[in-house]
Every structure is written in structure tokens, then in C-alpha cells.
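Residue numbers (our numbering): 286 to 676.
The beta carbon of each residue, even a glycine, is placed where N, CA and C say it ideally should be.
Computed from a prediction, not measured in an experiment: that's the story for all the values here.
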């Protein structure tokens, strides 16, 4: 009997690895911001601008390249994406001596990351059986919080011992390894579910629904991009141990991984509208985040951070289950359409928080963050109602 893993298991594992590594430059800039701002003489707003550059370029690129992934296929898209992550990480490791160079590197990383979500969603549609959608999406979506977890662990394990640039050097090595493994083990798409020969798009009414969902994702991503960018930095400025803050961020990411996997599995087995579950998760996240603004206890703040991040960063598995079920013919195109909204929000969030924190306090910044989560939950509930009425 062969000991080789099944094709779907191998492809999911490679997709998770590539997607997690592709997001590492973004998450490392946030988690290691307390070191980067000292070395490059930046403010909190400067860190926010660097994070926003990655997300904004990712969003615009995903909008333009999402449909192209339907033509290229997942394997080729992931190869290009991981190669760009290598370039981004090496530039930061050896060349980032100013905000301008850091932004340039983050832009390259953003282009690479823009290919990963459409590629991974196309892999789900072409390789997973109908009764596997939820579990495959759940594990696939674990890549994002896994990346945040790794960035959090990089604080005590790498940055505090060897220096922050070494974390990006390790990222370059991991991205190179992912590229090699994708070329070696990831298969071309199965016959019968072949790559598209031209770009397709859903009907106009469906595009309007996607736009509304995209707005909800914009607010949600504005929220969940703030947490990894400013949690460690904010706690460090308040006098907390940065290594401990990094571990809390890693714990929050670990819970988000569990939430994504479990919610994906639940979608395969439980009745009900998954979109309303998305709204509920975002409301729970808002409650957790609000403790950061109004509670002084480090223990309660840490618990609030873990619960809040799991809520606002755990919902995508459920959302993508609903979207890929409905738009199974054009997964890459649909991913690009909603990703630009979510990543514009993800770009706005860190900049807004950095400006507010510099002008007022981190407490006011966390109030803003919780408010964004409430807005995301409200619009997501409205999207769920419209999706149900149009189905």
C-alpha cells in the first residue's frame, strides 16, 4: 500500500504552508513593530502605513489578477506568489533602512499574497468533493491565523535574541522551500474540472451582492488587521513584556485557527445559513476587543484579545464556504472581487489606528477597532438576508 498522502491532503497542506508564509512579511512588520520603529526611526503611523501598503497592493492586485488565476491554475499561481514572497523578505532583510524601502518591499509581498487566496479557493473548487468543502475550506483558512501565530512566536524566539531582520531571513527560506514543494508535489488540476480558457464573471445582480459582502469584509479586515499590527506595540508602550504580548498574540491566533477549522467542518454537517453565523462571530469579536479600551487588568485584556481576535479572524472559513458554494464556476474572479474590498479595509484600519493612537491614545484606537467590528457584523447580517432572498 502506498504511503503517499492523497492528492487533496497534499494540496491542502501545500496551500496552507504557502499562504501562511506569504502573509508572514505583513504580520512580522506588525509583531516586530516595536523593534522596527526604533531601528528605522518610525512612528506608530509609519508602521501602519507599511502594513497598509501590503494590504492595499494586495487588494488592487487581487482585483486585477483574480480571474487570471482561473486561467493559470492554482499550481502556477502559487509558484509565482511564493517567489515574490522571497523577494519581499530578502529586501527587508538586507535593504530596509527607511520607510520608503520597507513600503516597496511590502508592495512586492502584497502582489504575491494577492495570488494566494484566489489560487487556494480554486483548489477547493477543483479538487474537493461537495461533501468536503467545509472541512477543506476550514483547514485552508487556518493559514492566515497560523501566520499571525508564527509572527507572534517570532518575537521571543528570534527578534529578542538574534534581531528582527533574522525573522524575515527565515521567511525567505520558508518561502523558497514552499515554492520547491509546490513544484514537486502539487498536481495540475483534474481533468473534468479543467482551467478556464477565458475569464468568466457572474451576472450583474450577483455582482451587486458581492459588493455588499465586500463592504462587510472591508470593515472586518480593518478590524483584524489592526490587532496583529498594534497589540504587541501597544502593550509594550504600556510597560508590558513584549515577549509575553507576543505569546498572547500567538494564543489568539491559535484559537482563530481552531475556530476556522471547526466552523468549516460544521458547515458540512449543520443546517442553517452560514452568513448569519459570520455576523454572530463578528459581534462576539467586537465584545472581546472592547475590553482593550475599558479594562486595565492585563489578564482580562489578554482574554479579551484572544476572544476578540478569534471572532473577527475566525469568520472567513464560513464566509468562503457560502461564497464558493454559490459561485463555484468562477472562484478566482469572485475572490478577486471581494478581496479588494476587504484589503482596502485592511489598509485603512492600521493607518487609522496609528493616526488615532498618536493623536489621542491606544484606548481610543481600540474603541475605533470595536466599532469597525460592529459595523462589519451589521452589514454581514444584511448581506445574509439579501443572499437568502435571492437564492
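Selected residue, minimal CA-CA separation from residue i, among the options
{"i": "residue 662", "options": "571, 307, 354", "result": "571"}
{"i": "residue 519", "options": "650, 423, 438, 616", "result": "650"}
{"i": "residue 641", "options": "378, 331, 606, 458", "result": "331"}
{"i": "residue 620", "options": "375, 401, 315", "result": "401"}
{"i": "residue 456", "options": "560, 531, 312", "result": "312"}
{"i": "residue 544", "options": "578, 496, 569", "result": "569"}
{"i": "residue 554", "options": "302, 624, 647, 418", "result": "418"}
{"i": "residue 489", "options": "675, 369, 669, 298", "result": "675"}
{"i": "residue 303", "options": "369, 390, 564, 589", "result": "369"}
{"i": "residue 590", "options": "349, 376, 576", "result": "576"}
{"i": "residue 238", "options": "672, 300, 617, 525", "result": "One cannot answer for residue 238 here, as it falls past the ends of the chain, which runs 286 to 676."}
Assigned secondary structure, residue i (DSSP; H/G/I helix, E/B strand, else coil)
{"i": "residue 317", "result": "coil"}
{"i": "residue 568", "result": "helix"}
{"i": "residue 555", "result": "coil"}
{"i": "residue 488", "result": "coil"}
{"i": "residue 415", "result": "helix"}
{"i": "residue 447", "result": "coil"}
{"i": "residue 580", "result": "coil"}
{"i": "residue 537", "result": "helix"}
{"i": "residue 383", "result": "coil"}
{"i": "residue 408", "result": "helix"}
Rounded C-alpha distance that separates residue i from residue j
{"i": "residue 364", "j": "residue 321", "result": "29 Å"}
{"i": "residue 478", "j": "residue 406", "result": "Below a pLDDT of 50, predicted positions are generally treated as unreliable, and residue 478, at 48, falls in that range; the measurement from the model is reported next regardless. Computed Cα separation, rounded: 14 Å."}
{"i": "residue 505", "j": "residue 387", "result": "25 Å"}
{"i": "residue 660", "j": "residue 408", "result": "31 Å"}
{"i": "residue 372", "j": "residue 500", "result": "31 Å"}
{"i": "residue 305", "j": "residue 360", "result": "16 Å"}
{"i": "residue 465", "j": "residue 514", "result": "30 Å"}
{"i": "residue 341", "j": "residue 347", "result": "10 Å"}
{"i": "residue 336", "j": "residue 445", "result": "21 Å"}
{"i": "residue 317", "j": "residue 389", "result": "18 Å"}
{"i": "residue 231", "j": "residue 329", "result": "This structure cannot speak to residue 231, because the chain is shown only from 286 to 676."}
CB contact below 7 Å: residue i versus chain D
{"i": "residue 510", "result": "The question asks about chain D, but that chain is absent: this structure has only one protein chain."}
Buried versus exposed call for residue i [16 or more other C-beta atoms within 10 Å across all chains shown]
{"i": "residue 319", "result": "buried"}
{"i": "residue 603", "result": "buried"}
{"i": "residue 412", "result": "buried"}
{"i": "residue 294", "result": "exposed"}
{"i": "residue 482", "result": "Confidence in residue 482 is poor, its pLDDT being 47 and thus under 50, which makes the residue's placement unreliable; the coordinate value appears in the next sentence. Burial call: exposed."}
{"i": "residue 458", "result": "exposed"}
{"i": "residue 231", "result": "Absent from the model: residue 231. The displayed extent of the chain is 286 to 676, so no value can be given."}
Practice problem: Run through the region 292 to 375 for me and flag every whole alpha helix (DSSP H) of 4 or more residues, listed as ranges in chain order. | Solution: 292 to 316, 318 to 325, 329 to 357
Practice problem: Write down every uninterrupted run of the beta strand (DSSP E) in the region 588 to 654 whose length is 3 residues or greater and which is fully enclosed by it, in chain order. | Solution: none
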